[in-house]
Ligand SMILES: Nc1ncnc2c1ncn2[C@@H]1O[C@H](COP(=O)(O)OP(=O)(O)OP(=O)(O)O)[C@@H](O)[C@H]1O
Ligand SMILES: [Mg+2]
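Residue numbers (my numbering), protein chains in the order written: chain H, 1 to 276; chain Z, 1001 to 1355.
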């Protein structure tokens, strides 16, 4: 019989996953880092180029701006949905649960095309509005930041719901009762007690959505129509169209570092706090 | 005792509460006097919390009416009653400091910032939380959190304080300390207190009257001494500590006393209407090597002695194999008793009662 030290035993169970992660993520990423400092010649010129090229910087800024707006929208709407899901009547709860879960069955691509069909200049919404005589010329709802934000927020809202709902479930009903017994109005209980007590859920949801949104590719590519390029699409363009692999690799590494930093923050935020 | 002008009187008349087809409370009527300390005592699931929730206004009664100082209260919502409430598990605001917790109800009353500061400081001093004002609840011990809950409930000088098993999570020493504290707060504020517990000794120690609940029914409402020494029924007698029950045969009424036979002995106890079981608390019984000249006495055999410090508990078998327990001052034990000894257990006639 093969003798294995006890502390190594969990490794047997973890090994397939570690090997997969190594082959699928760590190795390729090491390769990307390699490219970023060797292509077309050794040095850090790709990083200085990435951080000084006004075009690339503008893409970074747009990415940050879109992600921030998407985060605010998703967390706000996610909060409202979580409220219905956790505190609604049984019927409302079931319906909300369906609304939260159904989007998970539909692929990103399908959803992006769905929005395109709905929002494009000859899409459903514009046709209706024109048919009703409310507008004369079609509204520009896609192929711009607006379209990207709508599509991304739609995708992210269900993800925002889960951490918020879990924070809401852990709120002790008696604390709310206590506030009511002191004469606090419903609004007051909500703003002064309920929202602060679910703040960790809000923070968690915000970081989750933001980190997720930074790497979005399909939704901005389709709904932005090349006019509202985000970082992931920029990398794609630099690899398959320019081609400028060294620069694309440097931008990837910068993106990766930013996301890792945010994830570290997220984990720190979500880990149980010690008593101060 | 200080008389508090804000202390209120509550009238409860034929209150009932159903949850679906289950009757949690059945036709409760009582009056809670101004400045009284009323304890609701009963086993788990007897409806104590439900009754407190009805008083607080968090639950609406299915039947019956309530009054506050004579005015109808049944339909007044919790937020309009202005009662102070201490919940089981404290229910403090976890995101606020101690002083913010206490200030919260005061802010709702639109008092000025300086008034609030003064009142918070005063009440923090009163419950002995000086030096902890800027801590969050999760940085406090159980007893300290309990004090914050008391302080927060008392901050607005409520006409009625409602407390639901406030000390159930505390260890025995701390419990005693907090009981003294609550008694002192009751004395100092003069407010009407309604206190839920399932701990008999806590109920007897704290209250001016005890209301004993069982299965949604009010079994007895009387001062501690009366519920302990003159329980109205067997449930109350057995719930409030150990008791010996001796069934009497051939009961005959003899003025204020009832006389009957038990194990060949004639026993007497102050008469009740139709109870034929003589009940006697273990601490009123004494042991001796012969039957005393007066009072009740029965022969018994010692089964076991348990040393408890000042007292010793003795388990006996009496006539007909009846199990009898008594607690005897250790100092006064007759010499030479051991398991197997034959002995007499006696008690004054006035200390027994009939159920
Ligand atoms: N919201 C509710 N829905 C259904 N049944 C309930 C509800 N609240 C209480 N009950 C039932 O009413 C009965 C009385 O409950 P209550 O909480 O008043 O008991 P209690 O005397 O406070 O017990 P404990 O000492 O365990 O706190 C219980 O049988 C309980 O299951
Ligand atoms: Mg209870």
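Yeah, the Cβ is synthetic: ideal placement off N, Cα and C, and Gly gets one too. The structure presented is a predicted model; accordingly, all values stated were derived computationally and were not measured.
| Asked | Found |
| --- | --- |
| Under three-state DSSP, which class holds residue 1234/Z? | helix |
| On the three-state DSSP scale, how would you describe residue 1048/Z? | helix |
| From residue 1123/Z to residue 80/H, what does the alpha carbon distance come to, in whole angstroms? | 38 Å |
| Could you tell me if the beta carbon of residue 1217/Z falls within a distance shorter than 7 Å of some heavy atom in ligand 1? | no |
| In chain order, what residues have a CB nearer than 7 Å to some heavy atom of ligand 2? | 1048/Z, 1049/Z, 1088/Z, 1164/Z, 1165/Z, 1196/Z |
| Just checking residue 1042/Z against ligand 1 - is the residue's beta carbon closer than 7 Å to any of the ligand's heavy atoms? | yes |
| If the cut-off is 8 Å on Cβ atoms, which residues from the region 157-182 of chain H count as contacting chain Z, listed in chain order? | 172, 174, 175, 177, 178, 179, 180, 181, 182 |
| From 117/H, 68/H, 157/H, pick the residue whose C-alpha is nearest to that of residue 141/H; which is it? | 117/H |
| Looking at residue 1046/Z and ligand 1, is the gap between the Cβ and the nearest heavy atom below 7 Å? | yes |
| Output, in chain order, the set of chain H residues within a Cβ distance shorter than 9 Å of residue 1058/Z. | 177, 180, 181 |
| Skipping 5 residues on each side, what residues in its chain have a beta carbon closer than 8 Å to that of residue 1218/Z? | 1028, 1029, 1030, 1211, 1212 |
| I need the boundaries of the beta strand (DSSP E) containing residue 1008/Z, first residue and last residue. | Taken as a continuous stretch (DSSP letters only), residue 1008/Z belongs to no beta strand (DSSP E), as it is neither H nor E. |
| Does residue 193/H come within less than 8 Å of chain Z when only Cβ atoms are used? | yes |
| Going along chain Z, which residues have a C-beta under 9 Å from residue 90/H? | Here the premise fails: no neighbours, minimum Cβ distance about 15 Å. |
| Run the CB neighbour count on residue 269/H, radius 10 Å, all protein chains shown included, and call it buried at 16 or more, exposed below. | exposed |
| Closest to residue 34/H by CA distance: which of 265/H, 253/H, 264/H, 145/H is it? | 253/H |
| Report whether the distance from the Cβ of residue 1357/Z to the nearest heavy atom of ligand 1 is below 7 Å. | This structure cannot settle anything about residue 1357/Z, because the visible part of chain Z is limited to 1001 through 1355. |
| According to DSSP, simplified to helix, strand and coil, what is residue 1096/Z? | coil |
| Pairing CB atoms from the region 35-51 of chain H with CB atoms from the region 61-69 of chain H, are three or more of them under 8 Å? | no |
| Does the distance from the C-beta atom of residue 228/H to that of residue 144/H stay below 8 Å? | yes |
| Is it true that the region 1292-1306 of chain Z meets the region 1330-1347 of chain Z, where meeting means three or more beta-carbon pairs spaced less than 8 Å apart? | yes |
| Just mark residue 1115/Z as buried or exposed, buried being the case when its beta carbon has 16 or more other beta carbons within 10 Å. | exposed |
| By Cβ distance, which residues of its chain are closer than 6 Å to residue 39/H, with the 5 residues on each side in sequence left out? | 245, 246 |
| Which ranges does the alpha helix (DSSP H) cover as unbroken runs of at least 4 residues, wholly within the region 98-172 of chain H, from first to last along the chain? | 108-119, 124-131, 145-169 |
| Less than 6 Å between C-beta atoms, sequence neighbours within five positions excluded: which residues of the same chain meet that for residue 203/H? | 269 |
| Check whether chain H comes within 8 Å of residue 1095/Z, counting only Cβ atoms and requiring the distance to be less than that. | yes |
| Determine, for residue 205/H, whether the minimum Cβ-Cβ distance to residues of chain Z falls below 8 Å. | no |
| Could you check which residue in 121/H, 193/H, 221/H has the C-alpha nearest to that of residue 1094/Z? | 193/H |
| Counting only beta-carbon separations shorter than 8 Å, does residue 1108/Z have a partner in chain H? | yes |
| Thinking C-alpha only, which one of 16/H, 83/H, 18/H, 231/H is nearest residue 214/H? | 231/H |
| Which residues bound the alpha helix (DSSP H) around residue 36/H? | 27-38 |
| Could you name the residues of the same chain whose beta carbon sits closer than 6 Å to that of residue 1073/Z, not counting the 5 residues immediately before and after it, in chain order? | 1066, 1067 |
| At least one CB of chain H closer than 8 Å to the CB of residue 1105/Z: is that the case? | yes |
| Indicate whether at least one CB of chain H lies closer than 8 Å to the CB of residue 1085/Z. | yes |
| Any heavy atom of ligand 1 closer than 7 Å to the beta-carbon of residue 1211/Z? | no |
| In three-state terms, what does DSSP make of residue 1003/Z? | Low per-residue confidence applies at residue 1003/Z: pLDDT is 48, beneath 50, and the placement is therefore not dependable enough to give any value. |
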